[in-house]
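Peer 1: Got a structure here, written out as structure tokens. Questions coming.
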Amino acid sequence: MLWACILLPQLALDGVLRRHAEPDQPLALISGPSQRRVLHAVNKAAEAEGLRAGQPLTTAQTLCHHFAKVDYDSAEVERAHDFLAAWAYRYGSLVSRSVASTLLLEVEASFKLFGPWPRLEARLRSDLSELGFRHRIVLAPNPWAARALANQHDGLAISQQVHLQNALGQLPIDASGLPHDVCENLHRMGLRTLQQVFSLPRTALGKRVGANTLQQLDRLTGALPTPLPYFQPADVFKARIEFNYDVTSSQALLFPLRRLIDDLAVYLAGRDGGVQQFLLRLEHDRGHVTEVSVGLLAAERESSMLFEFARGRLEPLTLDASVCALQLIASDLPAFVPAGRDMFDARPQQAMPWQQLRERLRARLGDDAVHGLAVRADHRPERSWQIDVQKKSSPLPLPRPGWLLKQPIPLRDHRLRILAGPERIESGWWEADVRRDYYVVETSMGQRAWAYRPVGELGEFMLHGWFA
Amino acid sequence: MASVVALDSLLDSRRVWRGQPQQRAPSKQPTGFAALDSQLPSGGWPESALSELLLPMDGIGELRLLWPTLARLSQAGDASPDGKIALIAPPYLPFASAWANAGVRLEKLQIVLAQPRDVLWATEQCLRSAACVAVLCWPLQADDRALRRLQVAAETGQCLGFAMRDAKAAANPSPAALRIVIDTAPAQLRVIKCRGGNPPTQPIPLSALAR
């Protein structure tokens, strides 16, 4: 097994920056109790202004007065961590997110599919850069060694146990991931690198640093295999963006919406699934919520397509109150079956498959705007058709008009010519008893109509269809 | 001359009038009626183009004229999800059994209900998508520009477009490749415009539309 350790040194900050409208302006994450607010992390622009992580907020405000302040939210960091674990899941089935700010991913099993490590590594890096997370990646034969080496290296790839011993040996004790007091203890003994620690007699070392540290050192070398809790992607996708300003137009929601839907597409690709229905919750002040449901007839997962449909539902919306947060919830996640297509089929430009066209039409015209047509086995004309295409029956071999009126209307014409009929159609006795004699008539204008008279009456005809 | 223009391509682009009728490739979309095919310059519906049917009133034969074509198109496609026949904002309900009896495979038929202002948009989307083999629309207000958009969309999507309009529009020019007026008394078809040739002078009686 080969383990890739993806270290995310600025997980909290990157999680905020990637959703921020102006990531290049000075920005700082603030944490701590209200009496003593300190900067948790700062971005590059803020660093150029002299801000540092760990500074008290008051000091920072004297140094620079115009930086954006975002509250550090540990739940938000957990969500970003989960999201990245779901992303990593597409590159390997063994993903662990149990170590803070770190993803451990077993990759050897995936080489057949994604190519050798350099290619897979390039892929991981380009994905992470696109998602907006800074990262360090190290490959090692066991996850603990990979994690420890990532403290010091980026891009290191060790696939053999022999080389691992060497690389671990050169690692300074401070960077080895051992507890702080143990590091200090070893430092006082005059030890600087792990190599020196490993060469000590085991029993003597055990007496000095304790059994726990010995176990930890064994895990690093791989002598003590320790299973990790593995990540299972959630069955529901939930993502939320909170605005630190009020949004009053639906247009301004499109940028955060795009981010959310991109994340959803990443999640779906990791699951190899699609989404059939998702919910957009626009949260207003005082707990009021506007819900916009986006439903599709078939499962989809392409980000641009999903964005277009969501946009179609969001844009006609007039917001009564300003929006302070946007949440996307997708719980209906069926398997995704891509449409089959002929390889040699030359298609015109701007072509789109029928499913996509149908969703586009539904997004603008309404959910029920597009439907099919099928024959239903019923002799009553009003009931002889249905929009459910699955259940079909064979048509009656009777002359029937091509157009049917939804509601029969009186046919006012004094020079009607009866061409055929009557054909009696009766409704069932178990419902409203209707008995009609249908005729094919020609109007004075030359149209051929399908009209009826109630049985036994000689009044005017009721028009029910056109033989067009 | 900087470049030599092949004679064939020059003649094919039909920018040179040769004073004699040119043999054109027969249309792959016959109307299904020999009497009408023989009158049309391409021997059928103009391919990848918009055709207009101008009707003075409802129910006088537009479906009889189109059904053979729709039946052929719906039976040609296999089980693929594409190759739909879209009806955009039809004025009445299509009677399923009558359409099925005419040979149209109903699973290929899709009905799009649209408000009058969305009809042209929906038609353009369907024409352009190449997911449909034929698009029938009933636009209430369609000006020259709108029809030109539809014509271009039909070319892009390589699709047969049919616009059913009021016969009053016959007097206005239109960018459609083929325009047919259906008269009631006497019942006949008049081709008033057909791309690639002069329109036939004689009307075609509707009674001749028997296969």
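In order, the protein sequences belong to chains A and B. When we follow my numbering, the leftmost residue of the first sequence carries the number 5, and every step to the right adds one. When we follow my numbering, the leftmost residue of the second sequence carries the number 12, and every step to the right adds one. All C-beta atoms in this analysis are idealised placements derived from N, C-alpha and C, irrespective of residue type, glycine included.
Spatial neighbours of B:Thr195 within its chain, please: CB distance less than 8 Å, with the 5 preceding and 5 following residues excluded, ordered by chain position.
Peer 2: Position 184 of the second sequence holds residue 195 of chain B. For B:Thr195, where only same-chain residues beyond five positions count, the Cβ hits under 8 Å are Pro67, Met68, Ile71.
Peer 1: Less than 8 Å between C-beta atoms, sequence neighbours within five positions excluded: which residues of the same chain meet that for A:Gly54?
Peer 2: Position 50 of the first sequence, counting from 1, holds the residue named residue 54 of chain A. Leu67, Cys68.
Peer 1: Taking only beta-carbon positions, decide if A:Leu124 is within less than 8 Å of chain B.
Peer 2: Locating residue 124 of chain A in the first sequence gives position 120, counting from the first residue. False, the Cβ-Cβ gap to chain B never drops below 8 Å.
Peer 1: So, for B:Ala180: in the same chain, excluding its five sequence neighbours on each side, which residues have a beta-carbon less than 7 Å away from its beta-carbon?
Peer 2: In the second sequence, the residue the question calls residue 180 of chain B occupies position 169. Contacts found: Leu65.
Peer 1: Using a threshold of 8 Å, state whether the C-beta atoms of B:Gly207 and B:Ser53 are closer than that.
Peer 2: In the second sequence, counting from the first residue as 1, residue 207 of chain B sits at position 196. In the second sequence, counting from the first residue as 1, residue 53 of chain B sits at position 42. Yes, the Cβ-Cβ distance between B:Gly207 and B:Ser53 is below 8 Å.
Peer 1: Between B:Cys137 and B:Val146, how many whole angstroms is the CB-CB distance? I'm expecting something under 8 Å.
Peer 2: Translated into positions along the second sequence, residue 137 of chain B becomes position 126. Translated into positions along the second sequence, residue 146 of chain B becomes position 135. Confirmed, about 5 Å.
Peer 1: Answer with buried or exposed for B:Arg222, where buried requires no fewer than 16 other C-beta atoms within 10 angstroms of its C-beta.
Peer 2: Stepping through the second sequence from its first residue, residue 222 of chain B is reached at position 211. Reliability fails at B:Arg222, whose pLDDT of 45 lies under 50, so the model's placement of it is uncertain and the value that follows must be treated cautiously. It counts as exposed.
Peer 1: Along chain A, which residues have their Cβ under 9 Å away from the Cβ of B:Glu137?
Peer 2: To locate residue 137 of chain B, count along the second sequence from 1; it is residue 126. One detail in the question is off: residue 137 of chain B reads as Cys in this sequence, not Glu. Here the neighbours are Leu361, Leu365.
Peer 1: Taking Cβ to Cβ, would you say A:Ser100 is nearer than 8 Å to A:Pro229?
Peer 2: Within the first sequence, numbered from 1, the residue matching residue 100 of chain A stands at position 96. Within the first sequence, numbered from 1, the residue matching residue 229 of chain A stands at position 225. In this structure, A:Pro229 does not lie closer than 8 Å to A:Ser100 by Cβ.
Peer 1: If you reduce the DSSP assignment to three classes, tell me which class A:Ala57 lands in.
Peer 2: Along the first sequence, read from residue 1 onward, the residue named residue 57 of chain A stands at position 53. A:Ala57: coil per DSSP, three-state reduction.
Peer 1: With which residues is A:Lys4 paired in a DSSP beta bridge?
Peer 2: Here chain A has residues from 5 to 472 only, and residue 4 of chain A is not among them.
Peer 1: Could you check where the alpha helix (DSSP H) with A:Cys187 kicks off and where it finishes?
Peer 2: Within the first sequence, the letter at position 183 stands for residue 187 of chain A. Counting along the chain, the alpha helix (DSSP H) containing A:Cys187 begins and ends at 184-192.
Peer 1: Closer than 8 Å, CB to CB, is B:Ile122 near chain A or not?
Peer 2: Walking along the second sequence from the start, residue 122 of chain B turns up at place 111. For B:Ile122, the answer is yes, since a Cβ of chain A falls inside 8 Å of its Cβ.
Peer 1: If you reduce the DSSP assignment to three classes, tell me which class A:Ala381 lands in.
Peer 2: Your numbering for residue 381 of chain A matches position 377 in the first sequence. It is coil, neither helix nor strand.
Peer 1: Identify each residue in the region 392-419 of chain A for which the Cβ-Cβ distance to at least one residue of chain B is less than 9 Å, and report them in chain order.
Peer 2: Going along the region 392-419 of chain A in chain order, one finds Val393, Lys396, Ser398, Pro399, Leu400, Pro401, Leu402, Pro403, Arg404, Pro405, Gly406, Trp407, Leu408, Leu409, Lys410 with a Cβ nearer than 9 Å to chain B.
Peer 1: Checking 8 Å against the spacing of the C-beta atoms, do A:Tyr24 and A:Leu33 come in under that value?
Peer 2: For the purposes of this step, residue 24 of chain A is identified with residue 20 of the first sequence, where counting begins at 1. For the purposes of this step, residue 33 of chain A is identified with residue 29 of the first sequence, where counting begins at 1. Looking at the sequence provided, one finds His at residue 24 of chain A rather than Tyr. No, Cβ-Cβ distance for A:His24 and A:Leu33 is not below 8 Å.
Peer 1: Along the region 184-209 of chain B, where does the CB come closer than 8 Å to a CB of chain A? Name the residues.
Peer 2: Of all residues in the region 184-209 of chain B, Thr195, Ala196, Ala198 have a Cβ within less than 8 Å of some Cβ in chain A.
Peer 1: How would you call A:Ala215, buried or exposed, if buried means at least 16 neighbouring beta carbons within 10 angstroms?
Peer 2: As a position in the first sequence, residue 215 of chain A is number 211, starting the count at 1. Per the 10 Å Cβ criterion, exposed.
Peer 1: Nearest CA to the CA of B:Gln199: which residue from B:Arg26, B:Leu47, B:Ala111?
Peer 2: Here residue 199 of chain B corresponds to residue number 188 of the second sequence, with the count starting at 1. With distances taken between Cα atoms, B:Gln199 lies closest to B:Leu47.
Peer 1: Going by C-alpha to C-alpha distance, which of A:Val270, A:Leu323, A:Ala152, A:Leu408 sits closest to A:Ala256?
Peer 2: Position 252 of the first sequence, counting from 1, holds the residue named residue 256 of chain A. When only C-alpha atoms are compared, the closest one is A:Leu323.
Peer 1: Taking 8 Å as the CB-CB limit, is B:Arg222 close to chain A?
Peer 2: Stepping through the second sequence from its first residue, residue 222 of chain B is reached at position 211. For B:Arg222, the predicted structure reports a pLDDT of 45, less than 50, and the residue's modelled location is therefore unreliable. A value from the coordinates is still provided. Output row for B:Arg222: interface = no.
Peer 1: For A:Ala453 and chain B, any beta-carbon pair shorter than 8 Å?
Peer 2: Position 449 of the first sequence, counted from the first residue, corresponds to residue 453 of chain A. It does; some Cβ of chain B falls within 8 Å.
Peer 1: Would you mind working out which of B:Asn183, B:Ala174, B:Met175 sits nearest B:Asp155, comparing C-alpha positions?
Peer 2: For the purposes of this step, residue 155 of chain B is taken as the residue at position 144 of the second sequence. Comparing Cα-Cα distances from B:Asp155 to each of B:Asn183, B:Ala174, B:Met175, the minimum goes to B:Asn183.
Peer 1: Give the straight-line distance between the Cα atoms of B:Leu18 and B:Arg29, rounded to the nearest whole angstrom.
Peer 2: In the second sequence, the residue the question calls residue 18 of chain B occupies position 7. In the second sequence, the residue the question calls residue 29 of chain B occupies position 18. When rounded, the distance between both Cα atoms is 12 Å.
Peer 1: Give a single yes or no on whether A:Arg285 has its beta carbon closer than 7 Å to a heavy atom of the ligand COA.
Peer 2: With respect to the ligand COA, the structure offers nothing, as it holds no ligand at all.
Peer 1: First and last residue of the beta strand (DSSP E) that includes A:Phe465?
Peer 2: Against the first sequence, residue 465 of chain A aligns to sequence position 461. That run of the beta strand (DSSP E) goes 465-470.
Peer 1: Looking at the C-beta of A:Gly469, does it have a partner C-beta in chain B at a distance below 8 Å?
Peer 2: For the purposes of this step, residue 469 of chain A is taken as the residue at position 465 of the first sequence. A:Gly469 counts as touching chain B.
Peer 1: State yes or no: is the beta carbon of A:Asp238 nearer than 8 Å to at least one beta carbon in chain B?
Peer 2: For the purposes of this step, residue 238 of chain A is identified with residue 234 of the first sequence, where counting begins at 1. The sequence given here places Ala at residue 238 of chain A; Asp does not occur at that position. With 8 Å as the cut-off, A:Ala238 does not count as an interface residue toward chain B.
Peer 1: Rounded to the nearest angstrom, what separates B:Asp129 and A:Leu109 at their Cα positions?
Peer 2: As a first step, residue 129 of chain B must be located in the second sequence, where it is residue number 118. As a first step, residue 109 of chain A must be located in the first sequence, where it is residue number 105. Their Cα atoms are separated by approximately 51 Å.
Peer 1: Which chain A residues are close to B:Phe106, counting only those with a beta carbon under 8 Å from its beta carbon?
Peer 2: Numbered from 1 along the second sequence, position 95 holds the residue referred to as residue 106 of chain B. What B:Phe106 touches in chain A: Pro385, Ser388, Trp389, Arg404, Pro405, Gly406, Trp407, Leu408, Gly469.
Peer 1: Closest to A:Ala104 by CA distance: which of A:Arg364, A:Lys242, A:Trp148, A:Ala113 is it?
Peer 2: Residue 104 of chain A sits at position 100 when you count from the first residue of the first sequence. Among A:Arg364, A:Lys242, A:Trp148, A:Ala113, the Cα nearest to that of A:Ala104 belongs to A:Trp148.
Peer 1: By DSSP's criteria, A:Trp407 is part of a beta bridge. Which residues make up the other side?
Peer 2: In the first sequence, the residue the question calls residue 407 of chain A occupies position 403. Paired residue(s): A:Trp470, B:Pro105.
Peer 1: Whole angstroms is fine: what's the gap from A:Glu464's alpha carbon to A:Trp434's?
Peer 2: As a working note, residue 464 of chain A is residue 460 in the first sequence. As a working note, residue 434 of chain A is residue 430 in the first sequence. One C-alpha to the other measures close to 27 Å.
Peer 1: Quick check on DSSP: helix, strand or coil for A:Pro342?
Peer 2: For this step, residue 342 of chain A is matched to residue 338 along the first sequence. If DSSP states are grouped into helix, strand and coil, A:Pro342 belongs with coil.
Peer 1: Roughly how many whole angstroms lie between the Cα atoms of B:Ile122 and B:Leu104?
Peer 2: In the second sequence, counting from the first residue as 1, residue 122 of chain B sits at position 111. In the second sequence, counting from the first residue as 1, residue 104 of chain B sits at position 93. Cα-Cα distance, rounded: 9 Å.
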